[in-house]
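For the sequence shown, the positions run 1 to 66 when my numbering is used. Every residue, glycine too, gets a C-beta built ideally from N, C-alpha and C. Report on the structure given below.
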Amino acid sequence: MMEAVIVPIVVALITGPVVVVLNKLRSENTEQHAESRDLLQRVADKVDKVSSKLDKHIGWHEGKDK
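See below:
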């Protein structure tokens, strides 16, 4: 009868802190992914701008040869 009370308490004492740590790590991981996504978007925007400028420059050279 005593085991029916003690076992759930021991399980809660062991798994409770583990769950708290895992949730904290998950939250930090989500924040890091959001930051990475934002940085990648900024890089993609800059690459698009360079690509556009390069296309215009190449077009200028092609028009100059004629």
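CA-to-CA distance, residue j to residue i, given in whole angstroms
{"i": "His57", "j": "Val43", "result": "21 Å"}
{"i": "Asp48", "j": "Ser27", "result": "32 Å"}
{"i": "Ala4", "j": "Val18", "result": "22 Å"}
{"i": "His61", "j": "Val50", "result": "16 Å"}
{"i": "Gln41", "j": "Val10", "result": "47 Å"}
{"i": "Thr30", "j": "Thr15", "result": "22 Å"}
{"i": "Met2", "j": "Val20", "result": "28 Å"}
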